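*Asks:* Per full-length UniProt numbering, the sequence shown starts with residue 1, numbered consecutively.
Dropping the structure in here first, questions after.
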Amino acid sequence: MSSYKSLEYGLFCTKHYKIMILDHISKKSYSYANEIWFRLVIKIPGRKNKVIVSDRYYLGNIRVIKKFKLSITENYINMLSKMGEVKVLEWWKNSGLTLKHSPPLRYPEYALDLASEHNQVEVLEWFLRSKCKLNYSENALNYASEKGHINVLEWWKNSGLRLKYTEKALELAIKKCNVKVLQWWENSKLKIKCDWYGSFTIFNENLHNRINILEWFIKLRGKKKLKELYYDIDLQLASKYGNIDLLNWWKNSGLKLKCRKNAIDLASINCHINVLDWWKESGLKLKYSKKPLNCASSTGNINVLNWWKESGLELKYTEDALDNASFHGYIDVLNWWKESGLELKYTSSALDDASFHGYIDVLNWWKESGLELKCTSSALDDASFHGYIDVLNWWKESGLELKYTSSALEDASFHGYIDVLNWWKESGLELTYTEDTLSNASKNGNIDVLNWWKESELPMIYDEDEILNDLFFADTTNTDVIDWWANYGVKLKLSQHNFDNILRKLINDSNINLLNWLNTNGLKLYNQCNIIPYIASIYRKIDVLDWWKTSGLPLEYSYNILYDTSRECQIDVLEWWKNSGLPLKCPGDILDTLSTLKHVKVLEWWKNSGLPLVYSDDAMDNASSKGRVRILEWWKNSGLELKYSKRSLNIASKNGHINVLNWWKNSGLPLKYTNDAIYNASSKNHTNVLEWWKLFGLEATNININEKSEKEPEPESESEPETETESESESETEKESESEDD
1 MSSYKSLEYG LFCTKHYKIM ILDHISKKSY SYANEIWFRL VIKIPGRKNK
51 VIVSDRYYLG NIRVIKKFKL SITENYINML SKMGEVKVLE WWKNSGLTLK
101 HSPPLRYPEY ALDLASEHNQ VEVLEWFLRS KCKLNYSENA LNYASEKGHI
151 NVLEWWKNSG LRLKYTEKAL ELAIKKCNVK VLQWWENSKL KIKCDWYGSF
201 TIFNENLHNR INILEWFIKL RGKKKLKELY YDIDLQLASK YGNIDLLNWW
251 KNSGLKLKCR KNAIDLASIN CHINVLDWWK ESGLKLKYSK KPLNCASSTG
301 NINVLNWWKE SGLELKYTED ALDNASFHGY IDVLNWWKES GLELKYTSSA
351 LDDASFHGYI DVLNWWKESG LELKCTSSAL DDASFHGYID VLNWWKESGL
401 ELKYTSSALE DASFHGYIDV LNWWKESGLE LTYTEDTLSN ASKNGNIDVL
451 NWWKESELPM IYDEDEILND LFFADTTNTD VIDWWANYGV KLKLSQHNFD
501 NILRKLINDS NINLLNWLNT NGLKLYNQCN IIPYIASIYR KIDVLDWWKT
551 SGLPLEYSYN ILYDTSRECQ IDVLEWWKNS GLPLKCPGDI LDTLSTLKHV
601 KVLEWWKNSG LPLVYSDDAM DNASSKGRVR ILEWWKNSGL ELKYSKRSLN
651 IASKNGHINV LNWWKNSGLP LKYTNDAIYN ASSKNHTNVL EWWKLFGLEA
701 TNININEKSE KEPEPESESE PETETESESE SETEKESESE DD
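Below is the structure:
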């Protein structure tokens, strides 16, 4: 037995393979991924989210195909071609089975493409021997080139078939740096299609064999054509990954090279000193930005800093160099800058960020540096946010001006840092805080903080009108905090609007504890007798309904509860209400409404509920209007009195539902209709419907479609935008079956 998660088409996922429900195997469109195994999944009645799982079966096994009568579709043949299952393909060919939904004597479009991509030469040979019309695209040769399957390329060349390929064949081989494939194309004497410039400038970080690719190009096209390929992406990537050989190759190519600033920046960022030396000795005019020194300081690369200082080149940098060194706690980088003799640039972020991370050693470095100290209120605010008492003490003892805002106490209260609150109280500093201080403590459930403020003899600042609303909408609402405020003397008052929103949140969260608190603390849940059961039913919260039933509050139901839960196919909720002990009544039009939808299970529930059922002609008329053949079939087999009118066939004709007309014709039931059936079909130009009626024996004679009929046609709203046609009726029935089983 295994838990499962239901997905569309009945597909189940596990760690090693995918599972399909047996009923849906023939409908499943086999993808090209590794969906080659399946298991049978049996749902256990009465055991929610539990199933029994069988042994696994291989989709490429002939006995499995026969046993489960799997439909042979195009995607299924594609999968067999990809997996190299020649024996299964031969069995299928000799079986006389045709491809479902495909023309005869034609193979799937992607079968040969997939066989080529996955190096299945035997499959290609099988298709060639079959002497049926072969379908394939440019992807066959393109993907074989990308994957390096030279034997597949050779097969296609010798197959006698028309060869299809695009510029992508060489482009993909170049991108993969596959010299052997490129040499095959050169030796094949086939016309080479390639956007040379575009192919060679593809941003490809795989530089392995790049030089061999360039040499191959020179051999094929000549060295003079090399300038067509030149693009500085090679120089940038070689600099980024430290590939001196590629840099030297381009230097010796005879082309005039240019230095882009990204090349030197990338070499510095990735700490390739040898590449920096290469560029310096290249004799080219060097271009670079402020990133090298800034990034070296940020990553702690002293070697790169030393190289630049000794290079004799102009040094470019910003305040980010020292600021980032402080942010990351690199004392050695700070010392390097101080001893460098260079102008020291920095902002208040240096000290602020050191405080944020709790770097006492960085703070001490700055204090002892003799440099001007710059800071903002973020230093103390952030230290309070993280609970860094040692940082707060450092600032107090520093003799520097202390800057801070109300965020210091607000954040400490939110996180429950009693020691930080004590520090501020004993600091002798003027305390700054707002009503958000106590609100934050309440939202986070910090009763210790609330008690601290109560006993601190400091002014308690809060908004009585908002405090309770804030509590109920907090992520961590608990009744202890609400009790604390009630005992403190805050009146528990809520606006009706907020109260409704609170109830919805508590019900959706199944917060039984807080609902019970509201009920026992005089917030008049008695007046919500209709609202709460309705919301709980719509949200499918059986636990809330159970709580309400035992709460001592009046249990009532409404028309809307049964109507809306039926529309949402919430059978478990309907079952709860049925077992509630209340005298339920079937809403007058619920069966009529359900017949316009696809909810066979809900109709079945109402039939078996034991309650008196109320319905009208609209039930089967509506099903006909919407093209619901499965609903009509349910009514026919329900054993209930069948009620319908002439509207069933009339509106089905108007909406073009051939499948519905066929159902009525084959149902054995008395057919009711008027000339409006033909009039409506004519007005909508449903020629297939007119032909159906003609075959049925009713022709559009003596009917002027430009004149009104004896009876006005039904309004447009009766028709759905998305309806099934005659050719789609079978598949629509299958889709309805799937969606109703969900």
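Glycine included, each C-beta is placed from N, C-alpha and C at the ideal position.
For clarity, every value in this text was computed on a predicted model and none was experimentally measured.
Consult DSSP for Arg63 and reduce its assignment to one of helix, strand or coil.
*Replies:* In the sequence shown, counting from the first residue as 1, residue 63 sits at position 63. Here Arg63 sits in helix by DSSP.
*Asks:* Distance check for Asp390 and Ala412, CA to CA, integer angstroms please.
*Replies:* Counting from 1 along the sequence shown, the entry for residue 412 is found at position 412. Counting from 1 along the sequence shown, the entry for residue 390 is found at position 390. Their Cα atoms are separated by approximately 15 angstroms.
*Asks:* Which of helix, strand or coil does DSSP assign to Ser413?
*Replies:* Here residue 413 is taken as the residue at index 413 of the sequence shown, counted from 1. Correct three-state label for Ser413: helix.
*Asks:* Is the beta carbon of Val181 less than 8 angstroms from the beta carbon of Ser145?
*Replies:* Your numbering for residue 181 matches position 181 in the sequence shown. Your numbering for residue 145 matches position 145 in the sequence shown. Going by C-beta atoms, Val181 is nearer than 8 angstroms to Ser145.
*Asks:* Using the Cα positions of Asn680 and Lys654, report the straight-line distance between them to the nearest angstrom.
*Replies:* As a working note, residue 680 is residue 680 in the sequence shown. As a working note, residue 654 is residue 654 in the sequence shown. The straight-line gap from Cα to Cα measures roughly 5 angstroms.
*Asks:* Who are the Cβ neighbours of Asn622 in its own chain at under 7 angstroms, not counting the five residues just before and after it?
*Replies:* Locating residue 622 in the sequence shown gives position 622, where the first residue counts as 1. For Asn622, where only same-chain residues beyond five positions count, the Cβ hits under 7 angstroms are Asp592, Ser595 and Thr596.
*Asks:* For Asp572, which residues in the same chain have their Cβ closer than 6 angstroms to its Cβ, ignoring the five residues on either side in sequence?
*Replies:* In the sequence shown, residue 572 corresponds to position 572, counting from 1. The answer is none, since no qualifying residue turns up.
*Asks:* Using CA atoms only, rank isn't needed, just tell me which of Leu671, Asn364, Val481 and Thr437 is closest to Gly329.
*Replies:* For the purposes of this step, residue 329 is identified with residue 329 of the sequence shown, where counting begins at 1. The residue with the shortest Cα to Cα distance from Gly329 is Asn364.
*Asks:* From the DSSP output, in three-state form, read off Arg540 for me.
*Replies:* The residue labelled residue 540 in the question sits at position 540 within the sequence shown. Correct three-state label for Arg540: coil.
*Asks:* Buried or exposed: where does Val158 fall if 16 or more other Cβ atoms within 10 Å of its Cβ makes it buried?
*Replies:* Translated into positions along the sequence shown, residue 158 becomes position 158. A small fix is needed here, since residue 158 is Asn in this sequence, not Val. The residue is exposed, with fewer than 16 neighbouring Cβ atoms inside 10 Å.
*Asks:* Use the C-beta contact count for Glu171: other C-beta atoms within 10 angstroms, 16 or more gives buried, fewer gives exposed.
*Replies:* Here residue 171 is taken as the residue at index 171 of the sequence shown, counted from 1. The residue in question, Glu171, is buried, as its Cβ has 16 or more Cβ neighbours within 10 Å.
*Asks:* Have a look at the DSSP bridge pairing and note the partners of Phe38.
*Replies:* Taking the sequence shown and counting its residues from 1, the one referred to as residue 38 is at position 38. Answer is Tyr57, bridged to Phe38.
*Asks:* Using the Cβ count rule (16 or more neighbours within 10 Å means buried), how would you classify Lys541?
*Replies:* To locate residue 541, count along the sequence shown from 1; it is residue 541. Buried.
*Asks:* Can you tell me whether Glu720 is buried or exposed, with buried defined as 16 or more other CB within 10 angstroms of its CB?
*Replies:* What you label residue 720 is simply residue 720 of the sequence shown in a count that begins at 1. Summary for Glu720: the model assigns pLDDT 40, below 50, so the residue's position carries little reliability; its value from the coordinates is reported in the next sentence. Flag for Glu720 reads exposed.
*Asks:* Round the Cβ separation of Ser137 and Asp113 to the nearest angstrom and send it over; I've been treating them as touching at under 8 angstroms.
*Replies:* In the sequence shown, the residue the question calls residue 137 occupies position 137. In the sequence shown, the residue the question calls residue 113 occupies position 113. That belief holds up - the Cβ atoms of Ser137 and Asp113 are roughly 6 angstroms apart, short of 8 angstroms.
*Asks:* Helix, strand or coil for Val614, going by three-state DSSP, please let me know.
*Replies:* Numbered from 1 along the sequence shown, position 614 holds the residue referred to as residue 614. In this structure, Val614 counts as coil in the three-state DSSP scheme.
*Asks:* Checking the sheet assignment: what are the DSSP bridge partners for Lys87?
*Replies:* For the purposes of this step, residue 87 is taken as the residue at position 87 of the sequence shown. Lys87 pairs with nothing; no bridge assigned.
*Asks:* Taking the alpha-carbon of Leu293 as reference, which of Ala652, Trp308 and Gly160 has the nearest alpha-carbon?
*Replies:* Residue 293 sits at position 293 when you count from the first residue of the sequence shown. The shortest C-alpha separation from Leu293 is found at Trp308.
*Asks:* Where in the region 239 to 309 do unbroken runs of the alpha helix (DSSP H), each at least 4 residues long, occur, reported from the N-terminal end onward?
*Replies:* 244 to 251, 261 to 269, 273 to 281 and 291 to 299
*Asks:* Cutting at 8 angstroms between CB atoms, please list the residues of its own chain near Lys291, excluding the five before and the five after it.
*Replies:* The residue given as residue 291 occupies position 291 in the sequence shown. For Lys291, where only same-chain residues beyond five positions count, the Cβ hits under 8 angstroms are Asp265, Ser268 and Ile269.
*Asks:* Leaving out the 5 sequence neighbours to the left and right, which residues in its chain are closer than 7 angstroms to Ser349 when beta-carbon positions are compared?
*Replies:* For the purposes of this step, residue 349 is identified with residue 349 of the sequence shown, where counting begins at 1. Cβ neighbours of Ser349 beyond the five flanking positions: Asp323.
*Asks:* Straight-line CA distance for Asn579 to Asn519?
*Replies:* Position 579 of the sequence shown, counted from the start, is the residue given in the question as residue 579. Position 519 of the sequence shown, counted from the start, is the residue given in the question as residue 519. Going from the Cα of Asn579 to the Cα of Asn519 covers about 24 angstroms.
*Asks:* Taking 6 angstroms as the limit between beta carbons, can you name the residues of its chain near Asn446, skipping five residues before and five after?
*Replies:* The residue labelled residue 446 in the question sits at position 446 within the sequence shown. Within the same chain, Asn446 has close Cβ partners Gly416.
*Asks:* Could you check the C-alpha separation between Thr479 and Asp353 for me, to the nearest Å?
*Replies:* For the purposes of this step, residue 479 is identified with residue 479 of the sequence shown, where counting begins at 1. For the purposes of this step, residue 353 is identified with residue 353 of the sequence shown, where counting begins at 1. If I take the Cα positions, the gap works out to 38 angstroms.
*Asks:* Excluding the 5 residues flanking His386 on each side, which residues of the same chain have their C-beta closer than 8 angstroms to its C-beta?
*Replies:* The residue given as residue 386 occupies position 386 in the sequence shown. For His386, the CB contacts under 8 angstroms within the same chain, skipping 5 residues up- and downstream, are Phe356 and Gly358 in chain order.
*Asks:* Taking the CB atoms as reference points, tell me whether residue 758 and Asp381 lie closer together than 8 angstroms.
*Replies:* No statement about residue 758 is possible, as the shown extent of the chain runs from 1 to 742 and does not include it.
*Asks:* Using DSSP with H/G/I as helix, E/B as strand and the rest coil, what is Lys164?
*Replies:* Numbered from its first residue, the sequence shown carries residue 164 at position 164. Looking at Lys164 - three-state DSSP - the assignment turns out to be coil, as it is neither helix nor strand.
*Asks:* On the criterion of 16 or more Cβ atoms from any shown chain inside 10 Å, does Pro612 qualify as buried, or is it exposed?
*Replies:* Along the sequence shown, one-based indexing puts residue 612 at 612. By the neighbour-count criterion, in which a residue is buried when 16 or more other Cβ atoms sit within 10 angstroms of its Cβ, Pro612 is exposed.
*Asks:* Figure out for me which residue from Gly627, Ser609 and Cys569 has the closest Cα to the Cα of Lys601.
*Replies:* Taking the sequence shown and counting its residues from 1, one reaches residue 601 at position 601. That would be Cys569, whose Cα lies nearest to the Cα of Lys601.
*Asks:* What would DSSP say about Lys626, mapped onto helix, strand or coil?
*Replies:* As a first step, residue 626 is located in the sequence shown; it is residue number 626 there, counting from the start. Of the three classes helix, strand and coil, the one that applies to Lys626 here is helix, per DSSP.
*Asks:* Please confirm whether Ile658 and Asn685 have their CB atoms less than 8 angstroms apart.
*Replies:* Position 658 of the sequence shown, counted from the start, is the residue given in the question as residue 658. Position 685 of the sequence shown, counted from the start, is the residue given in the question as residue 685. No, Cβ-Cβ distance for Ile658 and Asn685 is not below 8 angstroms.
*Asks:* Could you tell me which of Leu134, Ala379, Thr376 and Trp92 sits nearest to Pro108, measuring between CA atoms?
*Replies:* Taking the sequence shown and counting its residues from 1, the one referred to as residue 108 is at position 108. Comparing Cα positions, the closest option is Leu134.
*Asks:* What is the DSSP secondary structure of His133, reduced to helix, strand or coil?
*Replies:* Here residue 133 refers to the residue found at position 133 of the sequence shown. With the sequence shown as reference, residue 133 is identified as Lys, and His is not the correct amino acid for it. In the structure shown, Lys133 sits in a strand (DSSP, three-state: E or B).
*Asks:* Quick check: the Cα distance between Ile360 and Trp394, rounded to an integer number of angstroms?
*Replies:* Within the sequence shown, the letter at position 360 stands for residue 360. Within the sequence shown, the letter at position 394 stands for residue 394. About 8 angstroms.
*Asks:* When you compare the CB positions of residue 760 and Lys258, do they come within less than 8 angstroms of one another, or not?
*Replies:* Because the chain here runs from 1 to 742, residue 760 falls outside it and cannot be looked at.
*Asks:* So Ser239 and His272 are supposed to be a Cβ contact under 8 angstroms. How far apart are they, rounded?
*Replies:* For the purposes of this step, residue 239 is taken as the residue at position 239 of the sequence shown. For the purposes of this step, residue 272 is taken as the residue at position 272 of the sequence shown. Yes, they are in contact, since the Cβ atoms of Ser239 and His272 sit about 7 angstroms apart, within 8 angstroms.
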